[in-house]
Each structure stands twice: as structure tokens, then as C-alpha cells.
Amino acid sequence: MKSDTELESWRLQWQSQPQVPIDLIRKVERQTGNMRLYRLGEIFVTVFIGGGTILGALITRNPEVALLAVGTVIAIVMAWRFSLKHTRGLWAPSADTTAAYLDLSVRRGRWKIADARYDSIQSVLLTIFVCVVDYRIIVSYGKWSRFADAWWLWIFCGALSLVLLFVFEGRRNKAKTELEYLSKLQAELGEIPSRP
Amino acid sequence: MFERATFKAVIDERFRELMALHGPALGRLAGSYTRTLGDRDDLFQEIALAIWQALPRFRGECSERTFIFRIAHNRAIAHIAQRRPPAVSPDETELPDPGPTPESGLSNLQQKMHLQEAIGRLPLAYRQVVTLTLEDMSYAEIAEVLGISESNVGARMTRGRQMLKQMLEGTK
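Residue numbers (the numbering used here), protein chains in the order written: chain A, 16 to 211; chain B, 311 to 482.
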């Protein structure tokens, strides 16, 4: 009978439900989705920003534009190195247990904090670098002759740097709060997995 | 004093046996009353403590399983009453979209999670009956655990099943 089969199916699913609480599974799934989007963003920046500056240098043959391309590529390479190193082992839990899911969440939390700190430093340095090189490019085309001519560029550079610092510091603080909560939960539940 | 120590040892041993036997079911029950890992674990600890405290008073007036589940449900209700209603964020008002229809390749794990989430969203009266039925309890046992009539159990189960089916099929 259909209804009995249905109830029996539910009973089997219910009694064999995953040991890991659903909220933790969903959280880890959401984080994995965000990490994939983040990685796509990294690829986008590499191809379009990195590729764009290289193309610009080849087309214009302007040494300042070449400098911009070199600096951008170095920054991208360093960012990839950081990203690949710190996301190793963060894509999936090591086991289908609460301990493993919690451990993954805690390690991802540590990565978010390190990533926010790295991003804040790199983005500010890159902003300053790009503004200085842009100034030199415009000077090379004869538009400006004095440092003070580009006053709006320096104001923009300063303001953007402050905004970026604020944004990434906010991200770092949020990640710290979440990490504290997860670490406390991990300790309370005694769910520290033994790591080889 | 020796008899008291022996009695305590017997109770402790029986408690360990009962938790080994019914622990997973109690964990599932605790999960159906809570939304987060922390809350689930708190409730499970409260249930275990309540069972351990009540065990010396058990005189066989019902089955051990009925006795344990009655305590578990009473503790769960008290747990809910003590907590603030959980804030439901906008993205939690519906079940997560399972993607393709259930017949067309939803993974085993996703199906189990979907069912667990749907049961968690049933109104309490129906959730109690549905979870106990899925734990292989008869209507008579459920009636004893919840302190209601068997016909009431049947009515709640019918309505609970309808709601559960609608949620799982995504119909209104």
C-alpha cells in the first residue's frame, strides 16, 4: 500500500539521518558555495585585470603602463600563492562527523581572518601603487607637471585606502567573533578531532 | 551503605545500557526540537540527566522505552518553554530548494536532511506524534508517552503526515 511504503521510507530516512546537525551541514555548504564564488572572482581578476594591464602595456608601449602591468601581475601572483596555500584542505570535511564539520568551520574561520588581514594590506598598497603609476602615466602624456596638479587623485587614493581598510577590518572582526563562538562550541562539546 | 552503593551501581549500569540502546533515538528527538548544534546538545544532556535522576523511581508501571520517551518529551517541552522563540531569518521560512524533483536524483543525504528539516517545521503537536511513529512506537505507546488518547494520536498523525507530505512535495 502506497501510504505504508511512504511511511516506511520516511522511517528508514529518519532513523538513518546524518549524525552531523543540519544547521552545521548547511553552514558548511553555504561557506563552500561562497568559497567557489570567491575563487571565480580571483580567476576573473587574473584574466581581466591582469590580462588587461598586460594588453595595455603591449598596445601602448608606455614604460609606465608596463610598470603598472608588472606590479599588477606580481600582486596577483602573490594573492594566488596566499589563496592556494591557505585554502588547502578547506573544501570539504575530512569525515562525516560533527567533529570534522566543526573542525572545518574553525579552520575556515582562521582562514577568513588571515585573508581579511592580507586583503587589507595588499589592497591599500595596490591602491597607492596604482595611483602613483597612474600619475606617472598621465605625466608621461604631458597632462600634469606637478605633484599638486593631481590633488584629486591623492584625495581619492587616501579615501579609497581608508574605505578598504574599514571594510576588511570589519570582515576580520566578524570572522573573529564567529571563530570565538565555534572554538568555544568545539571545546564544550569535546569535539576536537585527533589530527595526524 | 553497601546496599546503597550496590543499588547506585546497578542504576548507573542500567542507565548506560539504556543510553546505548536509545541514545540515537533520543538524539534524533532532541534534534527535532532544536535548530542548532549547541541547543541540540544542551537538550540531549538535559534529557540524559532527567532519565538518570528518574531511573531509581521506575517501578515497571510501563515499558522502559515509554518511560524514557515520556521523560524526553517533557524535558523537550520545558526546554522550548525556557528558550526565546528562535528568530527565523528570511531564508529559513521555506525548506531549502532540493533542486530537481525528489525522484530525479536528489542525493540520499539531501533527502534525509530535507525530511529532518520538514519534520522540524511541523507544529509541535504533530511533530511529537510523527517523530515517535518514525521511532517505531505504536499509537498506544505514543498515547502513553504524550498523555493523550489513542484516537487523538491517530488524528494528529493523519494531519501531521499530510503537512509533511505537502512540505516534501513543495505543494501548498
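Each residue gets a CB set at the ideal place from its N, CA and C atoms; glycine is no exception.
Starting from the Cα of residue i, find the closest Cα among the options and give me that residue.
{"i": "Leu219 of chain A", "options": "A:Leu177, A:Leu117 and A:Leu179", "result": "The displayed coordinates of chain A run from 16 to 211. Any statement about residue 219 of chain A would go beyond what the structure contains."}
{"i": "Arg345 of chain B", "options": "B:His389, B:Glu327, B:Glu371 and B:Ala364", "result": "B:His389"}
{"i": "Val35 of chain A", "options": "B:Ser459, B:Ala319, B:Leu347 and B:Leu331", "result": "B:Leu347"}
{"i": "Ala202 of chain A", "options": "A:Ser155, A:Ile128 and A:Val121", "result": "A:Val121"}
{"i": "Trp106 of chain A", "options": "A:Leu175, A:Thr47, A:Leu200 and A:Ile40", "result": "A:Thr47"}
{"i": "Arg324 of chain B", "options": "B:Leu425, B:Ile378 and B:Arg338", "result": "B:Ile378"}
{"i": "Tyr150 of chain A", "options": "A:Ile170, A:Ile69, A:Ala114 and A:Tyr133", "result": "A:Ile170"}
{"i": "Gly430 of chain B", "options": "B:Arg350, B:Ile458 and B:Asn418", "result": "B:Arg350"}
{"i": "Met50 of chain A", "options": "A:Asn188, A:Ala72, A:Thr102 and A:Asp111", "result": "A:Thr102"}
{"i": "Lys42 of chain A", "options": "A:Ala165, A:Thr113 and A:Trp25", "result": "A:Thr113"}
{"i": "Leu55 of chain A", "options": "A:Ala174, A:Trp95 and A:Lys100", "result": "A:Trp95"}
{"i": "Lys191 of chain A", "options": "A:Val182, A:Ala174, A:Lys199 and A:Ile128", "result": "A:Ile128"}
{"i": "Arg367 of chain B", "options": "B:Gln392, B:Ala428 and B:Ile321", "result": "B:Ile321"}
{"i": "Gly341 of chain B", "options": "B:Ser448, B:Met467 and B:Gln438", "result": "B:Gln438"}
{"i": "Glu44 of chain A", "options": "A:Leu119, A:Ile152, A:Lys189 and A:Asp164", "result": "A:Leu119"}
{"i": "Arg187 of chain A", "options": "A:Tyr133, A:Ile64 and A:Ile40", "result": "A:Tyr133"}
{"i": "Leu141 of chain A", "options": "A:Leu70, A:Leu52 and A:Cys172", "result": "A:Cys172"}
{"i": "Gly65 of chain A", "options": "A:Leu27, A:Arg161 and A:Val145", "result": "A:Val145"}
{"i": "Gly337 of chain B", "options": "B:Gln472, B:Gln426 and B:Leu434", "result": "B:Gln426"}
What residue range is occupied by the uninterrupted alpha helix (DSSP H) comprising residue i?
{"i": "Met423 of chain B", "result": "Asn418 to Gly430"}
{"i": "Leu83 of chain A", "result": "Pro78 to His101"}
{"i": "Ile357 of chain B", "result": "Leu347 to Ala364"}
{"i": "Cys146 of chain A", "result": "Thr113 to Ser155"}
{"i": "Leu52 of chain A", "result": "Ile37 to Phe59"}
{"i": "Phe486 of chain B", "result": "Coverage of chain B is limited to positions 311 through 482, which leaves residue 486 of chain B absent and any answer about it impossible."}
{"i": "Met447 of chain B", "result": "Unbroken run through Met447 of chain B: none, as it is neither H nor E."}
{"i": "Val480 of chain B", "result": "The question names Val, yet the displayed sequence has Gly at residue 480 of chain B. Taken as a continuous stretch (DSSP letters only), Gly480 of chain B belongs to no alpha helix (DSSP H), as it is neither H nor E."}
{"i": "Ala110 of chain A", "result": "Where Ala110 of chain A is concerned, there is no enclosing alpha helix (DSSP H), given that its DSSP letter is neither H nor E."}
{"i": "Gly65 of chain A", "result": "Looking at the DSSP string, Gly65 of chain A is not in any alpha helix (DSSP H), and its letter there is neither H nor E."}
Is residue i buried or exposed, if buried means 16 or more other CB atoms sit within 10 Å of its CB?
{"i": "Arg314 of chain B", "result": "exposed"}
{"i": "Ser135 of chain A", "result": "buried"}
{"i": "Gly124 of chain A", "result": "buried"}
{"i": "Ile387 of chain B", "result": "exposed"}
{"i": "Gly415 of chain B", "result": "Only weak support is given to the placement of Gly415 of chain B: the predicted model assigns it a pLDDT of 45, under 50, and the value that follows is read from those uncertain coordinates. Exposed, because fewer than 16 other Cβ atoms sit within 10 Å of the Cβ of Gly415 of chain B."}
{"i": "Glu195 of chain A", "result": "exposed"}
{"i": "Tyr156 of chain A", "result": "exposed"}
{"i": "Gly104 of chain A", "result": "exposed"}
{"i": "Glu23 of chain A", "result": "exposed"}
{"i": "Trp219 of chain A", "result": "In the structure as shown, chain A begins at 16 and stops at 211. Residue 219 of chain A is therefore absent and cannot be evaluated."}
{"i": "Met93 of chain A", "result": "exposed"}
{"i": "Lys422 of chain B", "result": "buried"}
{"i": "Gln363 of chain B", "result": "exposed"}
{"i": "Thr316 of chain B", "result": "exposed"}
{"i": "Trp167 of chain A", "result": "exposed"}
{"i": "Phe181 of chain A", "result": "exposed"}
{"i": "Arg385 of chain B", "result": "buried"}
{"i": "Ile89 of chain A", "result": "exposed"}
{"i": "Ser138 of chain A", "result": "buried"}
{"i": "Arg326 of chain B", "result": "exposed"}
{"i": "Phe354 of chain B", "result": "buried"}
{"i": "Pro78 of chain A", "result": "exposed"}
{"i": "Glu108 of chain A", "result": "This sequence places Pro at residue 108 of chain A; Glu is not what is there. The residue is buried, with at least 16 neighbouring Cβ atoms inside 10 Å."}
{"i": "Phe63 of chain A", "result": "exposed"}
{"i": "Leu99 of chain A", "result": "exposed"}
Look up residue i in the DSSP assignment and say whether it is helix, strand or coil.
{"i": "Trp29 of chain A", "result": "helix"}
{"i": "Gly185 of chain A", "result": "helix"}
{"i": "Leu263 of chain A", "result": "Here chain A covers residues 16 to 211 and nothing more, so residue 263 of chain A does not appear."}
{"i": "Lys199 of chain A", "result": "helix"}
{"i": "Ser459 of chain B", "result": "coil"}
{"i": "Pro334 of chain B", "result": "helix"}
{"i": "Ser24 of chain A", "result": "helix"}
{"i": "Lys475 of chain B", "result": "helix"}
{"i": "Thr344 of chain B", "result": "coil"}
{"i": "Trp167 of chain A", "result": "helix"}
{"i": "Arg393 of chain B", "result": "coil"}
{"i": "Lys191 of chain A", "result": "helix"}
{"i": "Ser160 of chain A", "result": "coil"}
{"i": "Leu328 of chain B", "result": "helix"}
{"i": "Ile321 of chain B", "result": "helix"}
{"i": "Glu402 of chain B", "result": "Residue placement at Glu402 of chain B cannot be trusted, given a pLDDT of 42 that sits under 50; what the coordinates show is reported in the next sentence. Three-state result, Glu402 of chain B: helix."}
{"i": "Met467 of chain B", "result": "helix"}
{"i": "Thr411 of chain B", "result": "Residue placement at Thr411 of chain B cannot be trusted, given a pLDDT of 41 that sits under 50; the coordinates are not used to answer."}
Does the distance between the C-beta of residue i and the nearest non-hydrogen atom of the ligand ADP fall short of 6 Å?
{"i": "Gly104 of chain A", "result": "Looking at this structure, you won't find the ligand ADP or any other ligand, since it has none at all."}
What residues of chain E sit near residue i, judged by a beta carbon separation below 9 Å?
{"i": "Lys318 of chain B", "result": "Judged by its chain identifiers, the structure shown contains no chain E, and its protein chains are A and B."}
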